[in-house]
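There are 4 protein chains.
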Amino acid sequence: MEQLSKSEIKRNALIKATICLVINNGFHAAPMSKIAKMANVSPGTIYLYFENKQDLINKVYLEIKASFAKHAFKNYDPSMEVREGFENIWKQIADFKLVQVEEALFLSQCDNTPMIDEESKKEGIKHLQPLIDLWKRGQEEGIIKECCHYVLYAYTVYPLAFLMNAKQNKEININKKYIQDAYLLAWDSIKQSK
Amino acid sequence: MEQLSKSEIKRNALIKATICLVINNGFHAAPMSKIAKMANVSPGTIYLYFENKQDLINKVYLEIKASFAKHAFKNYDPSMEVREGFENIWKQIADFKLVQVEEALFLSQCDNTPMIDEESKKEGIKHLQPLIDLWKRGQEEGIIKECCHYVLYAYTVYPLAFLMNAKQNKEININKKYIQDAYLLAWDSIKQSK
Amino acid sequence: MEQLSKSEIKRNALIKATICLVINNGFHAAPMSKIAKMANVSPGTIYLYFENKQDLINKVYLEIKASFAKHAFKNYDPSMEVREGFENIWKQIADFKLVQVEEALFLSQCDNTPMIDEESKKEGIKHLQPLIDLWKRGQEEGIIKECCHYVLYAYTVYPLAFLMNAKQNKEININKKYIQDAYLLAWDSIKQSK
Amino acid sequence: MEQLSKSEIKRNALIKATICLVINNGFHAAPMSKIAKMANVSPGTIYLYFENKQDLINKVYLEIKASFAKHAFKNYDPSMEVREGFENIWKQIADFKLVQVEEALFLSQCDNTPMIDEESKKEGIKHLQPLIDLWKRGQEEGIIKECCHYVLYAYTVYPLAFLMNAKQNKEININKKYIQDAYLLAWDSIKQSK
DNA sequence: CATGAATGAGCTTTCATTCAT
DNA sequence: CATGAATGAAAGCTCATTCAT
Chain A
1 MEQLSKSEIK RNALIKATIC LVINNGFHAA PMSKIAKMAN VSPGTIYLYF ENKQDLINKV
61 YLEIKASFAK HAFKNYDPSM EVREGFENIW KQIADFKLVQ VEEALFLSQC DNTPMIDEES
121 KKEGIKHLQP LIDLWKRGQE EGIIKECCHY VLYAYTVYPL AFLMNAKQNK EININKKYIQ
181 DAYLLAWDSI KQSK
Chain B
1 MEQLSKSEIK RNALIKATIC LVINNGFHAA PMSKIAKMAN VSPGTIYLYF ENKQDLINKV
61 YLEIKASFAK HAFKNYDPSM EVREGFENIW KQIADFKLVQ VEEALFLSQC DNTPMIDEES
121 KKEGIKHLQP LIDLWKRGQE EGIIKECCHY VLYAYTVYPL AFLMNAKQNK EININKKYIQ
181 DAYLLAWDSI KQSK
Chain C
1 MEQLSKSEIK RNALIKATIC LVINNGFHAA PMSKIAKMAN VSPGTIYLYF ENKQDLINKV
61 YLEIKASFAK HAFKNYDPSM EVREGFENIW KQIADFKLVQ VEEALFLSQC DNTPMIDEES
121 KKEGIKHLQP LIDLWKRGQE EGIIKECCHY VLYAYTVYPL AFLMNAKQNK EININKKYIQ
181 DAYLLAWDSI KQSK
Chain D
1 MEQLSKSEIK RNALIKATIC LVINNGFHAA PMSKIAKMAN VSPGTIYLYF ENKQDLINKV
61 YLEIKASFAK HAFKNYDPSM EVREGFENIW KQIADFKLVQ VEEALFLSQC DNTPMIDEES
121 KKEGIKHLQP LIDLWKRGQE EGIIKECCHY VLYAYTVYPL AFLMNAKQNK EININKKYIQ
181 DAYLLAWDSI KQSK
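Laid out in structure tokens, this is it:
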């Protein structure tokens, strides 16, 4: 297990606090002073780790995106068949959103809001390259519909954000079967019908 | 054409300004003073039409939702067949999101953010009842998958928000064929496979 | 009974509303808009009767002072003996403070606060001349202590404001005997002891 | 002499500024910005020491009340005889009102106005307990009239506020003899006549 | 590295006053 | 006379950021 320095502990606490406050109150009600307090740190200390509030938010976003991608492709191997690979990745993504709830909610807010720099958003998208490559392969093999990857993403990964929000609001309850059902919709939407 | 009173004109200008500033800068960077300026109105005047900032945001949200629903079901008739009815509604929704871009972006921000009161959100959801009824009918007829309507919504309507965001960022270009393709994914995802 | 014109009715309603709001909330929480609403009048209308808020407050003060003086000397006759005259005036003043509670509370606030123009305050004091004359006579006759009338006022009339405040706060209950007791303290304090 | 920390100096400056502005302009014309400026402090700084304007006013009131009581009973000893004790306390109170003019004027405004929380007012009254105890003793010994202590206060301490206001407005001039005369009125009013 | 008191620009909101009707 | 929508200056208060310690 990796040993965290005091600095890293503080930095992580700040990130955790930022996520927590933003998802519960929104960016506009997540002042630096509260973030500091929740992280058991002085307001001034934040500025030792981040340039300013915007930088803090951007960094949190990028680190979650990285962690998200890591999780998504943990079990994936480019040698897998397209359908198998897709299911593998999709279920890892679903798992991330169900386990790392707060992080996922944070991403959802960032992705539908102008709170993140355009540049950081672009940076964040890069992490998904393996999935895009997989889709390209699937299209070449005639297995996946000939749509741009924005459409493919919109109909497979993006819906999970909606379900996660609904779960958070106690409107639905998600179990294994639910996930499997949702997976089938995702696959049915993008697979090439004969 | 309906005649608008001076009051209505001002109120509409305020709503328009709110939408514009929120979608471009986010809630946290849409101060009342800017909203007033953009609506060519004094800051104090806002408070003749809305109780406070939260009330303003809630009201804007609810009015857009209502207008959204009106557009969605404009051509729909419950006597239509399920597939036809669904295509009809879905394409009207897509149309709304492409034509009323700002309104749609505003809704997207509201729905993924804690900036709207829980109560107002609940109120806003009611408008979709005809679509939910249609799905129920489709499920009874064995045409649509047996998923809860949250899933159906997540895979048919919600993806449009993602595409609309991408279009706004000039990442994709949406034309008639694009819409038709997207529609097919939506339908394929929820239709009962034989 | 005198017939009031519509104008006089409105003006009176405004004065009544001003008194009511100021004594309950204080000058700082008695906005013109509330005064107007309570008087069933438009905010703009206030400015037909009074120059501005300061003028309104000054006028209310002066009118209450005049009404106060009228009441105080209603039964007084300069031909009365000093002690009898004093008791007569003092009890009328006490009566005013107990019956015209709101007006009395308003005066108390004005007299201990810089909310009234210096000029209006001076104007208001003039009304008490008969009492001062009585005191002077009492001093010449050796019945009343040789103090300036500020002291005499401070120990006879001013204490009533304190008792009235206490009564208003339900800290004490004032009946006939209470008044008689208080009168005795007033008289004992200023009467020349042999 | 006690050493004040920087914080205490600032806090005191704020209290001093509040008193000064309120007694000269009234609560309604003592904005936080002016208070800050007069205390040589930034507006935001006030909120490091006080929750809000109401809290500031309440705290100022309570601290003056405490200082007032300390002064009033500085030389008093419960073993004193009733008359001696009363004179002692009364003269200390008079001294406070003549020396700590601003503080006394502030109290006078607070006590005749709804600008202080009911709770803080109650808190402030407690400080006078020794005087009330003294009166009770005096009544048991048949030296002081059998009135409730509100009446006793109204005729002994409360009149000083009136005289102090008059002095402030240059209407009277107060010297030692004046105080002695006033004291006699106070005592004559409450002492039991044989 | 870390603190946290202090800042002051800027926020939301109020309110005395005006003026077209 | 009377209205009340509209104003905009100014109120109370917040918060990202700095800097002496």
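Residue numbers (full-length UniProt numbering), protein chains in the order written: chain A, 1 to 194; chain B, 1 to 194; chain C, 1 to 194; chain D, 1 to 194. Ideal placement from N, C-alpha and C gives every residue a C-beta, glycine not left out. Remember, predicted model here, so these are calculated numbers, not experimental data.
So is residue i buried or exposed if we call it buried at 16+ other beta carbons inside 10 Å?
| i | result |
| --- | --- |
| E103 of chain C | buried |
| M1 of chain D | With a pLDDT of 49 at M1 of chain D, under the threshold of 50, the predicted position of this residue should be treated as unreliable, and no value is reported. |
| D111 of chain A | buried |
| P159 of chain C | buried |
| Q109 of chain C | buried |
| I35 of chain A | buried |
| N58 of chain C | buried |
| S7 of chain C | exposed |
| I15 of chain A | buried |
| I144 of chain B | buried |
| L21 of chain C | buried |
| P31 of chain D | exposed |
| L48 of chain D | exposed |
| L4 of chain C | exposed |
| E180 of chain A | According to the sequence as given, residue 180 of chain A is Gln; it is not Glu. Burial call: exposed. |
| G26 of chain D | buried |
| Q92 of chain A | buried |
| V99 of chain D | exposed |
| P114 of chain A | buried |
For the alpha helix (DSSP H) that residue i lies in, which residues bound it at each end?
| i | result |
| --- | --- |
| A69 of chain A | 53-72 |
| F106 of chain B | 101-111 |
| D188 of chain A | 176-190 |
| S7 of chain D | 6-25 |
| S33 of chain D | 32-38 |
| I46 of chain D | 43-49 |
Compare the C-beta of residue i with all C-beta atoms of chain B and state if any pair is closer than 8 Å.
| i | result |
| --- | --- |
| P159 of chain A | yes |
| I132 of chain A | no |
| S189 of chain A | yes |
| S193 of chain A | yes |
| Y47 of chain A | no |
Any C-beta of chain A sitting closer than 8 Å to the C-beta of residue i?
| i | result |
| --- | --- |
| A13 of chain B | no |
| K177 of chain B | no |
| M115 of chain B | yes |
| E171 of chain B | yes |
Closer than 8 Å, CB to CB, is residue i near chain C or not?
| i | result |
| --- | --- |
| F50 of chain D | no |
| C20 of chain D | no |
| A109 of chain D | Position check: residue 109 of chain D holds Gln in this sequence, whereas Ala was assumed. So yes, Q109 of chain D belongs to the interface. |
| A72 of chain D | no |
Is residue i close to chain D? Criterion is C-beta to C-beta, closer than 8 Å.
| i | result |
| --- | --- |
| Y183 of chain C | no |
| Q3 of chain C | no |
| I144 of chain C | no |
| L163 of chain C | yes |
| A17 of chain C | no |
| A39 of chain C | no |
Near-chain A residues of the segment 76-105 of chain B - C-beta to any C-beta below 9 Å: L105
Contact list for the segment 25-36 of chain D against chain C, Cβ threshold 7 Å: N25, G26, F27, H28
Alpha helix (DSSP H) runs wholly inside the segment 82-167 of chain A, at least 4 long, in chain order: 82-99, 101-111, 118-125, 129-140, 149-156
Interface positions of the segment 51-70 of chain A facing chain B (Cβ-Cβ less than 9 Å), listed along the chain: none
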